[in-house]
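Per UniProt numbering, numbering through the sequence shown is continuous, rising by one, with the last residue being 302. Even for Gly, the Cβ is constructed at its ideal location relative to N, Cα and C.
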Amino acid sequence: MAVEHSPATPAGDRSRIHDIGYRGYDGPRLGRAYARRSLYSQSLRGAYGLGRSVKSKVLPMLLFAVMCVPAAIMVAVAVATKAHELPVAYTRYAIIMQAVISLYVASQAPQAVSRDLRFKTVPLYFSRPIETADYVRAKFAALASALFVLTATPLLVMYVGALLSKMGFAHQTEKFAQGLVSVALLSLFFAGIGLVIAAVTPRRGFGIAAVIAVMTISYGAVSTLQAIAFAQDSTGAIPWIGLFSPVTLIDGVQSAFLGGSSAFPGGTGPSGGEGAVYVVAVLSLIAACYGLLNRRYQKVGL
């Protein structure tokens, strides 16, 4: 049976052009800075489950509450007993609660980067006016900010409680400022370690396990070696052993320069020169984490 073709349409050509209303974008071009700020704010909100499912909010909010409740209890006791000093120093609080902080890093660092790797969405970010350094800075700053909120809020509760108890304003303000410097350094350091480990694998579960292992095993091993050195009267080795754990590194910095008491065996914290080594080590490791993340995402974005 013969097939008739329209005179306007050549035989075999069934293509059509449909006008469905697509138009070019004539609005403002917000550029890299806006994209970087948007990625930062979205990542920061995600670190506490905001804008996500209820299930995603449970763990970060629970850990936040666990961080704040002991501080609130100490404040209540100080106010009730009219104490002249808080039972725990501002610089000691994060060290005491380091297990909770490590668990938060382990849960949120993979959430920040592993899903992008798993679902291969990183190249989509770089198809916009955003570069590798922008992505890394936004993720690094977001997790560090989330950690700072987690660690600084209990200190704020303690500070307000100390003022309500009519403790010395100048003294409490000085110690509170030292505590803020300590947790700011801790936040940058722990965020860098967590992101570097999490960026290695797209599997969130592996990332969580690896972060917990690095944080807890290193601290346990260093604490054990320090205890052995103290038992053998090798107190001079205790500060140098502390260089091999993230928690003890922060402990050494604050005990040397921020008026904190050391958790090392016998209270043998680093001296001035040893403390300088601690500061250089922490800052160098933060810079190294940032550099490793940049190198990692230069490969991923290809």
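Which stretch, first to last residue, makes up the alpha helix (DSSP H) that contains residue i?
{"i": "K299", "result": "G272 to V300"}
{"i": "T201", "result": "Per DSSP, T201 belongs to no alpha helix (DSSP H) and is neither H nor E."}
{"i": "I241", "result": "I238 to I241"}
{"i": "D134", "result": "T132 to L164"}
{"i": "Y93", "result": "Y90 to I96"}
{"i": "Q254", "result": "P246 to F257"}
{"i": "A80", "result": "V54 to T81"}
{"i": "L124", "result": "V122 to F126"}
How long is the line joining the alpha carbons of residue i and residue j, rounded to whole angstroms?
{"i": "L163", "j": "A152", "result": "17 Å"}
{"i": "L180", "j": "L63", "result": "19 Å"}
{"i": "A191", "j": "V247", "result": "13 Å"}
{"i": "V69", "j": "A76", "result": "11 Å"}
{"i": "L285", "j": "V196", "result": "11 Å"}
{"i": "Y297", "j": "T132", "result": "6 Å"}
{"i": "Q42", "j": "T216", "result": "29 Å"}
{"i": "G260", "j": "G31", "result": "44 Å"}
{"i": "K299", "j": "A99", "result": "33 Å"}
{"i": "F257", "j": "A106", "result": "28 Å"}
{"i": "G24", "j": "K120", "result": "28 Å"}
{"i": "S56", "j": "Y48", "result": "8 Å"}
{"i": "F176", "j": "V79", "result": "18 Å"}
{"i": "L150", "j": "S114", "result": "22 Å"}
{"i": "P28", "j": "V211", "result": "42 Å"}
{"i": "Y40", "j": "S262", "result": "35 Å"}
{"i": "T224", "j": "D134", "result": "40 Å"}
{"i": "V66", "j": "T173", "result": "24 Å"}
{"i": "C289", "j": "K82", "result": "45 Å"}
{"i": "I238", "j": "Y90", "result": "23 Å"}
{"i": "P265", "j": "G236", "result": "11 Å"}
{"i": "L103", "j": "A109", "result": "10 Å"}
{"i": "A213", "j": "L243", "result": "17 Å"}
{"i": "V282", "j": "G161", "result": "31 Å"}
{"i": "V122", "j": "T268", "result": "46 Å"}
{"i": "V3", "j": "I130", "result": "Bear in mind that the predicted position of V3 carries a pLDDT of just 46, short of 50, making it unreliable; the figure below should be weighed with that in mind. V3 and I130: Cα-Cα distance of roughly 54 Å."}
{"i": "A287", "j": "V280", "result": "10 Å"}
{"i": "Q111", "j": "G194", "result": "11 Å"}
{"i": "Y278", "j": "I208", "result": "27 Å"}
{"i": "V222", "j": "W240", "result": "10 Å"}
{"i": "G71", "j": "A276", "result": "Before going on, a small fix: residue 71 reads as Ala here, not Gly. Roughly 30 Å between the two C-alpha positions."}
Per DSSP, what kind of secondary structure is residue i in: helix, strand or coil?
{"i": "S43", "result": "helix"}
{"i": "G168", "result": "coil"}
{"i": "S6", "result": "Bear in mind that the predicted position of S6 carries a pLDDT of just 49, short of 50, making it unreliable; the figure below should be weighed with that in mind. Three-state DSSP puts S6 in coil, outside helix and strand."}
{"i": "P110", "result": "helix"}
{"i": "A263", "result": "coil"}
{"i": "S218", "result": "helix"}
{"i": "Y48", "result": "coil"}
{"i": "T235", "result": "helix"}
{"i": "L103", "result": "helix"}
{"i": "T173", "result": "helix"}
{"i": "G194", "result": "helix"}
{"i": "T268", "result": "coil"}
{"i": "G179", "result": "helix"}
{"i": "G31", "result": "helix"}
{"i": "F119", "result": "coil"}
{"i": "L186", "result": "helix"}
{"i": "L86", "result": "coil"}
With respect to 7 Å, is the separation between the Cβ of residue i and the closest non-hydrogen atom of the ligand MN below this value?
{"i": "G275", "result": "With respect to small molecules bound, the structure shown includes none, and the ligand MN cannot be examined in it."}
Compare the C-beta of residue i with all C-beta atoms of chain C and state if any pair is closer than 8 Å.
{"i": "N294", "result": "Absent from the structure: chain C. Only one protein chain is present."}
> Three or more beta-carbon pairs under 8 Å between the region 190-207 and the region 154-162, yes or no?
Replying inline: Segments in contact, no.
> Would the region 130-147 and the region 220-240 be scored as touching if the rule is three or more Cβ pairs under 8 Å?
Replying inline: Here the region 130-147 does not lie against the region 220-240, with fewer than 3 beta-carbon pairs under 8 Å apart.
>> With a threshold of 8 Å, are at least 3 pairs of Cβ atoms found where one atom belongs to the region 183-190 and the other to the region 250-261?
In response: Yes, the region 183-190 is in contact with the region 250-261.
> Are the region 290-297 and the region 129-139 in contact at 8 Å, needing three or more beta carbon pairs?
Replying inline: Yes, the region 290-297 touches the region 129-139.
>> Using 8 Å as the cut-off, can you tell me whether the region 84-91 makes contact with the region 165-178, which would need three or more C-beta pairs spanning the two stretches below that distance?
In response: Proximity of the region 84-91 to the region 165-178 meets the contact definition, three or more beta-carbon pairs being nearer than 8 Å.
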